[in-house]
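Residue numbers 0 to 1098, in numbering that gives the first Met the number 0, belong to the letters of the sequence shown in order. Note that CB positions come from ideal geometry on N, CA and C, so glycine has one too. Predicted, not measured: the structure shown is a model, and the values here were computed from it. The structure appears below as structure tokens.
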Amino acid sequence: MARNSGRRSDNVQRLIDNADQSLSLLASLDDWAGAEASAAPVPPRLNVRVAGSTHGLVPPFSPTSSNDENPPPMSSESFDFTSPPASPGRPQRSQRTEDSLGVVDLAVEAGLLHVKGVFPDHSVEYVDIEPRFTTIGDLKRMLCTKRGTVKDLGFATSEARVMFNGQLVEDDWLVVDCGLGIDGTIYVVKGVPTATFLGGNLQTRWGTTPADPRLPVATIASSYAQTAPPRQFLQRSAEADADASMLVDFNTSLALSAPARGAEYTQKVRPEEANFAEMVSDFYEHFSNVRDTDAYGERLLRGYIEVLQSRLEALETAVESLGRHSTATLQRQRLLDQIKELRDERNTWRLWFELRCICHEKKESDALMDTSEQDPDELHFNMVEDDAVRLLEARNEKYKIQKAVKTWLEHMAMERTVDVSEKRNLAKNGSRTLKLMKKGLINTNGILMDPDAPLRGGDRHIVEDDAEDEAELLKGVWSYVRAGNLPEAVDLCIRLGDPWRASSLSGGAHIGASEVDDDRLLERWGNPMRALWKTTCWKFSEQKNLSLSKRNSLLARQYEEIIYAALSGNATVLTQSSICASWEDHCWAYLQAMTEQQIDEVLHKLLKVKLQSTQLIVGNNAHYLRVYQALLEKTKYLKRYQASLDTLFEDLQNSTTDSVRKQANEPHRLIQAKLVTARVKHIVSHILDALIFDAGDESYDWDLRLGEQTRADDLTPTFLRFAAHFVLFAEFTGEHFDEQASHMILKAYIRHLVKHGQLKLVPVYASKLPESAAKDIYVQILVSVEDRLQRELCLKRILQYSDMEVLTAVIAATVQRLRVEYLRHNQEQKSTESTTNLDRKCMRTIQFLCFYPEHRSEALRRANLMARQFVTEGKFAAVKELFIEHIPEDSIGVINLHRTIQILDGDAIDRAVREYLSWKAYIRAGNHYDLWRSCSSDKHTFSVYSEEKEYLTELMYHVSRSTSAVIDTLHFENGWLLGCSEEPEEDAAIRQLCLPLLVKHLHFIQLESAKLVLRLKHFPVEPKTQLARPLLEKSLQVVDVVADEHYAIADALTPEQCADLLNALRESAIALMHLDATAPLTSSSAPAPSSPVHEEEIE
């Protein structure tokens, strides 16, 4: 209840603050509307509608949502905020000319934002941007480049900061999220770097029980180690491809829920960061209920892929929506860079998914092979070619891997499939060249019109449109062949009037047969002369010295070469073509050739087996066998790649093609190459570790070095996120790699999250590190948070991924660390203030111990220690502020209600509660003394008796309350602050600092009040005497309070203080004697006010 009330009070205060800001805004608008002519400089307030947006007003930038908790201060240069807000119903006018206003109108019509940038020398520059895709950093660079700040103002773009609405804005914010309007003004200032005295460290480990590592989770390496073959290569399901816009949807036993709690992860987190964190969290949360761990892991990979695919589609839409104006170039390039990196990451996860699909099917394949009646190693006479190929796919593990990688490459190429226009359909319109020849417009002497005629006799007679049609058709055919979709290529040729070409593409089908209907009829398919067809394709792909001259004809020939080279497995032609210029193309070319070569080998073996049993075979002739042998001899060099795919990827890294060599050495290509060969250890230790950390950095600690520049800062957040999730998934699947390196990779990503204010995501990853590391990281997180609500949220997130024991240790370490830091800086920064800002920050550390009832007794203990420190420093006002504002009033009730779960033992709880009550009594005595002091110190001048009587009533009320409070403190049960510490000397030292002041106050209250009574002028003398005498008598009774041995107050007084007390008592005795001496005179004289007992005489 205390937490709820505290949260509610904070929320109410925020509402009040917001209401005050709203009223100020309304007042400023009204003032501006009424005094527009004066044009008084006021800070700009912009809440405007973004062009092209349907979401109404964009909320203004709030400093609480900034990623940087301590933004660097501005330079000492001054700025004039002269842009007044536009009043309702009246357009804002500035100093721009009518021409520039036209620019604004054009920009708004184009959906752009017209931004005015003001520089330290009061110069102004304007740019038009797309606010939905432009970051503050992009805007800053455009303005600084246009202004030339390095030359004219003496600072580079990296040193500049952007200021809007009086707040510094982070570079990675989108402009649309900052509340900048259609016609907005920002200020470009020079940032001054500052260093915070609190640096951080990080660490991680999962709080819930991890899965047993002995569970049967398939690894990629098992594909190479396993000798038993799976039955068939498992392709991605059509359902997975169809649900590209959805995340993972698990049932009760496989419940990896989609990131539906995205609103919980706010504060400018990248969408994929929140989604990935959510999926990982759900993954481990439901892992204990999972039976099929392989399928569970594959669902997680599919979730990663779908999240990235959704993000890619959004970014591609954004790129398409950008206009053609020059200012969109920077945004376009930034978006394209993001798209490339996200696509590379998606492809890496998809490759891992494809490889794991093979591993996942091993059990089913092994079971099927065990029940098979035939020997899986043998080729039989009654087999057809389809059976032999299926046996190859089931028996040869390396072939399975190669085909999986080839399928992965083809899946990527499917995104680049070319849509061929059918407006010039050859089947409908026919050849334009042939029509012109029939009309006599072209000389037909010596011209042939068969498909191969241009290759033999040249293309001079071919109409340009026909050549263009040919190039477009072959480009489409190649895109389908490259994507592994040969049926679509065949269908395209048929639809566009080239059935002969469709036939030429279809010659590689294996011979197969199956029964049709119930009549036991056989349906047969395939090419019995397949080797001859492949040899012809090979020769045709290498055919040179052609008489082609037209550009489109030459382009068509290039496509024709690589199409038939791919069908025949001629990797040399493919890799030498300028059309195949990427790493993926070269890799696919070799894998296509390798898989075709292995198919040719197994079919050749099948042919030999059949020849041993019968001579009645189509291919049973010497010429065909020589063709087969020659074809196998041509592809013999590929066996070195079949033996080890590492050799293939190494050759690609050293390729003579610059683009291929460059791409092969990119991080994701290196990772993909090693992932294919199951070198996860190499990926973690030699690729990820080398990219994130400096060479030779062997440190293994949990210091995040938030105030330092590290190599990880040069990497993109996207890659850091990928690296973290890569090692997490590799650990789940049981891959063997350097555990310390994986921990440091997780730490690097956690550091990124902390630096960007994504503290709620940190426990997801920190919980996967060793427990000691996680504790250290959590401490570094909490020491950087000062807002109460955010502290509570961070503690809840930590508890969600750990237990109360860990949270207790983290809170204790956090409070202790902050206390030591604040005390050290307090000593370095000597201040005359009674309560400094550092003191208040130190007090607010107690908040960490007030969120959960288990820690409330510890909160009291820490507060008591802090109070002792303040008293030692002479900061008595800080003690009052500590217990009144930072310790909930219900603390004792919470402790009694939850005494059994307190982290302190019974005696420690009792001592903490006793000391807390002692301090509360001391504070109450001080409060009542202050109230009496405020009443007694006022310089009152009363003109009538009734005023004096009213004043006297109030005075005596405060005398009674303050006296009672002070005596209650001095006579606190068993002695104030006695027995509250295990060290009696510490209690005695604090008592010596506090109790003498209370004794002095008790005496001063009585004596000074008596003087005030006697000072009254209109009050009768005898009543004044009757009121003053008891006060003076009580001032003498202070010695009895001090002398009581049970409370040991005298032990807290020094000899000097005892002497001062005796002097005060002597003053009281003299005053009482003088009052008694003058009393008879007063009673025998006339009751006139002319002969009162004067206070000056007593003094």
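For residue i, the three-state DSSP class (helix, strand or coil)
| i | result |
| --- | --- |
| P258 | Residue confidence for P258 is low, a pLDDT of 37 falling below 50, so the modelled location carries little weight; the figure read from the coordinates is stated next. Looking at P258 - three-state DSSP - the assignment turns out to be coil, as it is neither helix nor strand. |
| D127 | strand |
| M382 | coil |
| Y186 | strand |
| K145 | helix |
| R160 | strand |
| C1099 | Because the chain here runs from 0 to 1098, residue 1099 falls outside it and cannot be looked at. |
| Q662 | helix |
| E392 | helix |
| T534 | helix |
| F941 | coil |
| D468 | helix |
| H755 | coil |
| T1104 | Since the first residue of the chain shown is 0 and the last is 1098, residue 1104 is not available in this structure. |
| E981 | coil |
| I883 | helix |
| P450 | coil |
| I922 | helix |
Cross-strand partners of residue i (DSSP beta bridge)
| i | result |
| --- | --- |
| K635 | According to DSSP, which records beta bridges pairwise, K635 is partnered with nothing at all. |
| I894 | BP columns for I894 are empty, so no partner. |
| G116 | E124, I185 |
| L167 | M162 |
| T134 | L173 |
Whole-angstrom distance between residue j and residue i, CA atom to CA atom
| i | j | result |
| --- | --- | --- |
| G756 | D702 | 17 Å |
| I357 | L311 | 27 Å |
| L602 | A592 | 15 Å |
| A1047 | R960 | 23 Å |
| V965 | L996 | 10 Å |
| F731 | E297 | 11 Å |
| S945 | G873 | 42 Å |
| D909 | E853 | 15 Å |
| A629 | L566 | 17 Å |
| T156 | H585 | 41 Å |
| E1066 | K1033 | 13 Å |
| P1022 | D904 | 57 Å |
| D737 | T709 | 21 Å |
| R331 | Y295 | 38 Å |
| I670 | R839 | 51 Å |
| P769 | L173 | 37 Å |
| Q1036 | E1007 | 15 Å |
Buried versus exposed, by CB contacts within 10 Å (16 or more), residue i
| i | result |
| --- | --- |
| L138 | buried |
| E353 | buried |
| A642 | exposed |
| T432 | buried |
| Y186 | buried |
| N288 | exposed |
| L153 | According to the sequence displayed, residue 153 carries Gly and not Leu. It counts as exposed. |
| G706 | exposed |
| F380 | exposed |
| S936 | exposed |
| E471 | buried |
| P1029 | exposed |
| I883 | exposed |
| E649 | exposed |
Proximity test, Cβ basis, 7 Å: residue i and chain B
| i | result |
| --- | --- |
| E467 | Of the protein chains in this structure there is only one, and it is not chain B. |
inquiry  = Suppose only complete runs of 4+ residues qualify. What are the alpha helix (DSSP H) ranges in the region 1017–1075, listed by chain order?
reply    = 1020–1035, 1037–1042
key: Ordered list of alpha helix (DSSP H) runs contained in the region 778–827, each at least 4 residues   = 787–799, 803–827
ask   = What residue ranges within the region 682–744 form continuous alpha helix (DSSP H) runs of no fewer than 4 residues, ordered along the chain?
value = 688–691, 716–731
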